[in-house]
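As you go down the protein sequences, you meet chains W and C in turn.
The first sequence begins at 5 in this note's numbering and counts up by one.
The second sequence begins at 134 in this note's numbering and counts up by one.
Here's the structure we're looking at; comments come further down.
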Amino acid sequence: MPSRSEWRWLLEKELRELAASRAFWLLLIVTGALVGHAVMSASELYAEASGIGGGPAALSQGLSPLEGIVVPTLGAYDLAATLLFPFVVIRLVAVEKQSGALALMLQAPTRFGASIVAKGIVLLVAWGVALLAGGAALVAWMAIGGHLYAPETWTVVLGYLLRGALAIGVGAAAGALAASAASAAIIALTVTIGTWALDYVAAARGGTIGAIAQYTPTSALASFEHGNLRVSTVLILTTIGLAGLGVAAAWLREGRPLARRVGGVAAALTAAILACILFAQLRSDRDVSEDRRNSFSRADEAALRRIDAPLKVTVHLAAEDPRLTDLDRGVLAKLRRTMKSVTVEYAAQSRSGLFEASNSHYGEVWYELGGKREMNRSSTEPIVLETVYRLGGVAPPTAAEEPAYRGYPLAKRMAAAPWIFFVAWPILVALAWWWATSAKGREGRGGATAVVG
Amino acid sequence: MSPSVSAPVQVAEARAGATAFDVITVDNLSKRYGEFWALRGASFSIRRGEILGLIGPNGSGKTTLFQCFAGLAPATLGGVERDGTRVPPDDRKRLLFFVPDGVRPWAEQSVAWTLRFIAGVHGASRDSVEAISSSLGLTPLADARLHELSKGEHRRVVLAIGLLTPHPLLLLDEPFDGLDLRQTRDVMAVLRAHARHRTLFLSIHQLGDAERVCDRFVLLSAGRVAGEGTLDELRARAGLASTQRAGLEEVFLALT
Numbered sequence: 005m006p007s008r009s010e011w012r013w014l015l016e017k018e019l020r021e022l023a024a025s026r027a028f029w030l031l032l033i034v035t036g037a038l039v040g041h042a043v044m045s046a047s048e049l050y051a052e053a054s055g056i057g058g059g060p061a062a063l064s065q066g067l068s069p070l071e072g073i074v075v076p077t078l079g080a081y082d083l084a085a086t087l088l089f090p091f092v093v094i095r096l097v098a099v100e101k102q103s104g105a106l107a108l109m110l111q112a113p114t115r116f117g118a119s120i121v122a123k124g125i126v127l128l129v130a131w132g133v134a135l136l137a138g139g140a141a142l143v144a145w146m147a148i149g150g151h152l153y154a155p156e157t158w159t160v161v162l163g164y165l166l167r168g169a170l171a172i173g174v175g176a177a178a179g180a181l182a183a184s185a186a187s188a189a190i191i192a193l194t195v196t197i198g199t200w201a202l203d204y205v206a207a208a209r210g211g212t213i214g215a216i217a218q219y220t221p222t223s224a225l226a227s228f229e230h231g232n233l234r235v236s237t238v239l240i241l242t243t244i245g246l247a248g249l250g251v252a253a254a255w256l257r258e259g260r261p262l263a264r265r266v267g268g269v270a271a272a273l274t275a276a277i278l279a280c281i282l283f284a285q286l287r288s289d290r291d292v293s294e295d296r297r298n299s300f301s302r303a304d305e306a307a308l309r310r311i312d313a314p315l316k317v318t319v320h321l322a323a324e325d326p327r328l329t330d331l332d333r334g335v336l337a338k339l340r341r342t343m344k345s346v347t348v349e350y351a352a353q354s355r356s357g358l359f360e361a362s363n364s365h366y367g368e369v370w371y372e373l374g375g376k377r378e379m380n381r382s383s384t385e386p387i388v389l390e391t392v393y394r395l396g397g398v399a400p401p402t403a404a405e406e407p408a409y410r411g412y413p414l415a416k417r418m419a420a421a422p423w424i425f426f427v428a429w430p431i432l433v434a435l436a437w438w439w440a441t442s443a444k445g446r447e448g449r450g451g452a453t454a455v456v457g
Numbered sequence: 134m135s136p137s138v139s140a141p142v143q144v145a146e147a148r149a150g151a152t153a154f155d156v157i158t159v160d161n162l163s164k165r166y167g168e169f170w171a172l173r174g175a176s177f178s179i180r181r182g183e184i185l186g187l188i189g190p191n192g193s194g195k196t197t198l199f200q201c202f203a204g205l206a207p208a209t210l211g212g213v214e215r216d217g218t219r220v221p222p223d224d225r226k227r228l229l230f231f232v233p234d235g236v237r238p239w240a241e242q243s244v245a246w247t248l249r250f251i252a253g254v255h256g257a258s259r260d261s262v263e264a265i266s267s268s269l270g271l272t273p274l275a276d277a278r279l280h281e282l283s284k285g286e287h288r289r290v291v292l293a294i295g296l297l298t299p300h301p302l303l304l305l306d307e308p309f310d311g312l313d314l315r316q317t318r319d320v321m322a323v324l325r326a327h328a329r330h331r332t333l334f335l336s337i338h339q340l341g342d343a344e345r346v347c348d349r350f351v352l353l354s355a356g357r358v359a360g361e362g363t364l365d366e367l368r369a370r371a372g373l374a375s376t377q378r379a380g381l382e383e384v385f386l387a388l389t
C-alpha cells in the first residue's frame with residue numbers, strides 16, 4: 005500500500021497532467037454550453053406549460069421538476085460522457101505510454117496499480133468539476149423560485165457520476181489496450197455504439213439480452229432519471245468502471261510476458277462479470293421520486309405485503325409489443341418491488357407477436373397465486389391489483405387518503421441563464437485554464453509541496 | 134553547465150549503500166520477436182562501483198538488452214542474478230533503474246516539478262534535487278516546460294531523473310546522445326563522480342565517448358555478446374595486445 009506521501013505525489017501528477025490536457029478544458033467549456041442550452045430550453049417549456057404565454061396552463065400534477073428540469077438539464081452530460089469525456093480519460097492513460105513516462109512509472113517503488121487508481125480518482129474529480137455546470141443550472145432554477153426534491157435530484161446526479169465512472173473504466177481500458185490515443189478513441193466509441201446496439205436488440209428480443217441491457221449506460225441512466233435508486237445498478241456500474249481500471253493496470257505492465265498480461269486482463273474481466281451476475285440478483289431498490297411514480301399507494305403496498313404466497317405471472321406478449329413494455333415497466337416492476345416473491349415468465353414465441361394469431365393465448369397475462377389462477381389482458385394498474393387481491397384473498401384497501409402529487413408549476417423564464425452559461429462559465433473556465441497552466445500557477449502549487457527528507 | 138561533482142556523490146553515498154551488491158550476473162538473456170532473435174544468449178557480469186559500457190552499433194540489441202534486464206520487456210530466455218541469487222523481473226525495480234533513450238515524459242510540466250516528483254516518488258531529498266540540477270546545469274531551466282527544451286537540455290533532465298533514483302545500479306541508454314562536446318565532457322565528469330558510490334551501466338554507440346568514461350565494456354553485435362572486459366583484456370582477446378594504441382573501435386571491429 006503506498007504511503008500518504010506517495011499517494012500525494014501520484015495524485016498531484018495526475019492533477020497536473022489533467023490541467024495540462026486541452027481536452028479537459030474543452031470538456032468544461034462545451035458541457036457549460038450544452039447544459040446552458042438544455043436548461044434554457046427546459047425552463048422555457050416548463051414556463052409555457054405553467055401558463056406564461058397566457059394560454060391555459062397544464063394540470064399542475066403533470067408539472068414535475070424532475071421530468072421538466074432536472075432530467076433534460078443533466079441529460080447534456082450523456083452527450084459529454086459519450087463524445088467528450090472519453091478523450092480526457094484516454095489522454096491521461098495513453099500519453100504516458102506514448103511518451104515513455106510509463107517506463108519510468110513502472111520502475112517506481114509504488115505499486116503500479118496505485119498509479120492507475122490515482123488516475124481514476126483524478127478523472128472522477130474531473131467529471132465532478134464538469135458536473136458543476138449542471139449544479140449551477142439547478143441553483144439558477146431554484147433562484148427563480150423553482151422547486152427541487154433533493155432525493156430524486158441527487159439520485160440523477162449519482163446516475164451521471166456513475167456514468168462518468170463507466171466512461172473512465174472504458175476509456176482507461178481502451179487507452180491501455182490500444183497502440184495509440186486515436187485507436188483508443190475508436191475503441192471507446194465502438195463500446196458506446198455497442199451498448200446502443202444492445203439496447204436496440206434487447207427491445208426486440210427481451211430475455212437474457214434484455215436483462216443485460218438493463219445496465220447499458222442509457223438504460224441505467226433511465227432508472228436514475230425515474231427516481232428509482234437500484235442497488236444493483238449502482239454496484240454494477242461501479243464494478244464495470246473498476247474493471248476497466250483493472251484491465252488497464254494488468255495490460256500496462258509491459259515487462260510481463262504476454263500470456264501473463266492477457267491472464268491479468270481475463271482475470272479482471274472474469275471477476276467483474278461474476279460480481280455483476282451476483283449484483284444483478286440484488287432486488288433492493290428505493291423509490292426516491294417525490295410523486296412516488298415507481299410505487300403503489302402506501303395502502304396498496306400494505307395490502308400486498310400481507311400476501312405471503314409467491315406470485316407467478318405468465319405473460320403471452322412479444323418483446324416488441326408495446327403492451328409488454330407498459331406492463332413490465334409499470335405494474336410488474338411495482339409488484340416486484342412490493343411483494344415478497346414475484347416470478348415473471350415470458351411465454352410469447354415470437355419477437356413481434358404479429359404472426360401469433362393462431363396462438364389463442366397471445367395477449368393473455370396469467371396470474372397464479374396460492375394455487376389459484378386468473379387471466380386478464382390489461383396492463384392497467386387497478387385491474388391488475390384487483391386480480392392479485394382476489395387471488396390472494398386480501399381485501400382491497402379503501403380509497404387512498406394520502407395526498408396526491410400537487411406538481412410545481414412555475415411561469416417564470418430563466419433570464420440569467422445565457423449570461424451564466426455563455427458568458428460567465430466560459431470566462432471562469434478560461435481563467436482557471438490560464439491559472440493552471442501559467443508559470444505562476446505551476447510554481448505556486450509546486451512550491452507548496454515539500455520533497456521527502 | 135558547471136558540474137559540481139561532489140554533490141551527486143553525496144546523494145549517491147547517502148542512498149545507495151543499503152542495497153549494494155557485489156556482482157550482478159546476466160545469464161543467457163535472450164529475446165525473440167517472431168522469428169527474429171534481437172538478443173541471443175547474452176551473458177556477462179557487472180561489478181559493484183564500476184562504469185560498464187554496453188557497446189554496439191545501432192540495431193545490435195542494446196536497448197532490447199536493457200529493457201529485458203530491467204524487466205520492462207519479457208525476456209524469451211535467461212535471467213539476472215544478484216550475488217548468486219536469481220532476481221525475478223518484478224523484483225528488479227528494487228535493484229536497478231533504467232533510463233530509456235528517447236523518453237519525453239510529462240511534456241507540459243516544468244523541469245523543477247518533474248525532478249521534485251521523481252525525488253518525491255523515490256524518497257530523495259530536496260537537497261539532492263538541487264545538487265543534481267546544479268551539477269547538470271539545469272538550475273536556469275527550472276521553470277521551463279519539458280517540451281520547450283532543446284534535445285541536449287532534455288537529455289540532461291532525463292539523466293537527472295536517473296541520478297535521483299536510489300537504486301545501486303543505474304542503466305542509462307545513450308546518455309550522451311544530443312549533447313555537444315563540452316556538455317558530454319561535463320556529464321562524463323558527473324557520472325564519474327556519481328559512480329564512486331553507485332554502479333553505472335551505459336549504452337553508448339560513440340566508441341570514443343565510451344572509451345573515455347567506462348571502466349569495462351560489453352561488446353554487443355547482432356544480439357550476441359562478442360566480448361567483455363577492460364580495454365586491455367579486449368585487446369588481448371582480439372590479438373591486438375601488442376598494439377597499445379589500438380582503440381575500442383579497432384578492438385570492436387576485430388572481435389565482431
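Cβ coordinates follow ideal geometry from the N, Cα and C atoms, glycine included.
None of the values given here were measured: they were computed from a predicted structure.
Item to check | 7 angstroms Cβ cut-off: residues of chain W touching ARG237/C | outcome: SER103, GLY104
Checklist entry - Going by Cα to Cα distance, which pick from ILE216/W, PRO90/W, ALA140/W is closest to ALA178/W? => result Answer by Cα proximity: PRO90/W.
Checklist entry - If we count Cβ pairs, one from each stretch, closer than 8 angstroms, do we get three or more for the segment 178 to 187 of chain W versus the segment 92 to 110 of chain W? => result yes
Checklist entry - How many angstroms separate the CA atom of GLY451/W from the CA atom of ILE56/W? => result At GLY451/W the pLDDT is 40, less than 50, meaning the model places this residue with poor confidence and gives no usable figure here.
Checklist entry - Do you know how far the Cα of ALA352/W is from the Cα of VAL319/W? => result Whole-angstrom Cα-Cα distance: 7 angstroms.
Checklist entry - Are the Cβ atoms of LEU15/W and ILE94/W separated by less than 8 angstroms? => result no
Next on the checklist: Taking DSSP's pairing of strands, which residues face ARG234/W in a bridge?
Outcome noted: Per DSSP, the beta-bridge partners of ARG234/W are ASP289/W.
Next on the checklist: Going by DSSP, what residue range makes up the beta strand (DSSP E) through LEU198/C?
Outcome noted: Where LEU198/C is concerned, there is no enclosing beta strand (DSSP E), although the alpha helix (DSSP H) it sits in stretches over 195 to 203.
Item to check | Alpha-carbon spacing of GLY66/W relative to GLY411/W, whole angstroms | outcome: Straight-line Cα distance between these residues: approximately 6 angstroms.
Checklist entry - Relative to chain C, which residues along the segment 234 to 263 of chain W have a C-beta separation below 8 angstroms, given in chain order? => result Answer set for the segment 234 to 263 of chain W: GLU258, GLY259, ARG260, PRO261, LEU262.
Checklist entry - Should GLY66/W be counted as a contact of the ligand HEM given a C-beta to heavy atom distance under 7 angstroms? => result The model depicted lacks the ligand HEM and carries no ligand whatsoever.
Item to check | Residue-chain proximity (ARG20/W, chain C), Cβ-Cβ < 8 angstroms | outcome: yes
Item to check | Straight-line Cα distance separating THR342/W from ILE311/W | outcome: 10 angstroms
Checklist entry - For ALA171/C, which residues from the same chain have a beta carbon less than 6 angstroms from its beta carbon, with the 5 sequence-adjacent residues on both sides left out? => result LYS164, GLY194, THR197, GLY356
Checklist entry - Are any of the Cβ atoms in chain W nearer than 8 angstroms to that of VAL138/C? => result At VAL138/C, the pLDDT of 48 sits below 50, so the modelled position is not reliable and the matter cannot be decided from this model.
Next on the checklist: Just to confirm, is the Cβ distance from MET321/C to ARG289/C under 8 angstroms?
Outcome noted: no
Checklist entry - For PRO221/W versus ARG115/W, is the C-beta distance shorter than 8 angstroms? => result Not closer than 8 angstroms, so no.
Checklist entry - From the beta carbon of TRP438/W, is the nearest beta carbon of chain C less than 8 angstroms away? => result By this cut-off, TRP438/W is not an interface position.
Checklist entry - Would a C-beta distance cut-off of 8 angstroms place PRO299/C and ALA257/C closer than the cut-off? => result Annotated as proximal: PRO299/C and ALA257/C, with beta-carbon spacing under 8 angstroms.
Checklist entry - Which class does ALA322/W belong to by DSSP, given the choice of helix, strand or coil? => result coil
Checklist entry - Once you ignore the five residues that flank PHE28/W on each side, which residues in its own chain have a CB closer than 7 angstroms to its CB? => result LEU22, VAL92, ALA130
Next on the checklist: Tell me which residues of the segment 104 to 123 of chain W have at least one Cβ-Cβ distance to chain C shorter than 7 angstroms, keeping chain order.
Outcome noted: GLY104, ALA105, ALA107, LEU108, LEU110, GLN111, ALA112, PRO113, THR114
Item to check | Distance, ARG225/C Cα to LEU162/C Cα | outcome: 14 angstroms
Checklist entry - Within the 8 angstroms Cβ cut-off, does GLU281/C reach chain W? => result No, GLU281/C does not count as interfacial toward chain W.
Checklist entry - Can you name the residues of chain C whose CB is closer than 7 angstroms to the CB of TRP13/W? => result PHE250, GLY253, VAL254
Next on the checklist: Using beta carbons (cut-off 8 angstroms, strictly below), is SER9/W in contact with chain C?
Outcome noted: yes
Next on the checklist: Closest to ASN298/W by C-alpha separation, out of LEU328/W, VAL266/W, GLU385/W, VAL174/W, would be which residue?
Outcome noted: Nearest option by C-alpha distance: GLU385/W.
Checklist entry - For the putative contact between ILE179/C and THR363/C, defined by C-beta atoms under 8 angstroms, what is the C-beta separation to the nearest angstrom? => result That pair is no contact at about 14 angstroms.
Item to check | Nonlocal neighbours in the same chain, by C-beta distance under 6 angstroms from LYS123/W, ignoring five residues either side | outcome: GLU18, LEU96
Checklist entry - Applying a beta-carbon distance threshold of less than 7 angstroms, which residues of chain W neighbour GLY204/C? => result GLY259
Checklist entry - So, is the C-beta of ALA27/W closer than 8 angstroms to a C-beta in chain C? => result no
Next on the checklist: Quick test of your reading: LEU135/W and VAL74/W, contact by CB under 8 angstroms. State the CB separation rounded to the nearest angstrom.
Outcome noted: By a beta-carbon distance limit of 8 angstroms, LEU135/W does not contact VAL74/W. Their separation comes to about 13 angstroms.
Checklist entry - What do you get for GLY375/W, buried or exposed, if any count of 16 or more other CB atoms within 10 angstroms of its CB means buried? => result With fewer than 16 Cβ atoms within 10 Å of its Cβ, GLY375/W is classed as exposed.
Item to check | Those residues which DSSP pairs with TRP437/W across a bridge | outcome: Residue pairing by DSSP leaves TRP437/W without any beta bridge partner.
Item to check | Meets three-Cβ-pair contact criterion under 8 angstroms: the segment 223 to 237 of chain W and the segment 160 to 167 of chain W | outcome: yes
Next on the checklist: Let me make sure I understand the geometry here. Which of ASP313/C, ASP306/C, GLU263/C, LEU305/C has the alpha-carbon closest to that of GLU390/C?
Outcome noted: A query on residue 390/C cannot be resolved here, the shown segment of chain C reaching from 134 to 389 and no further.
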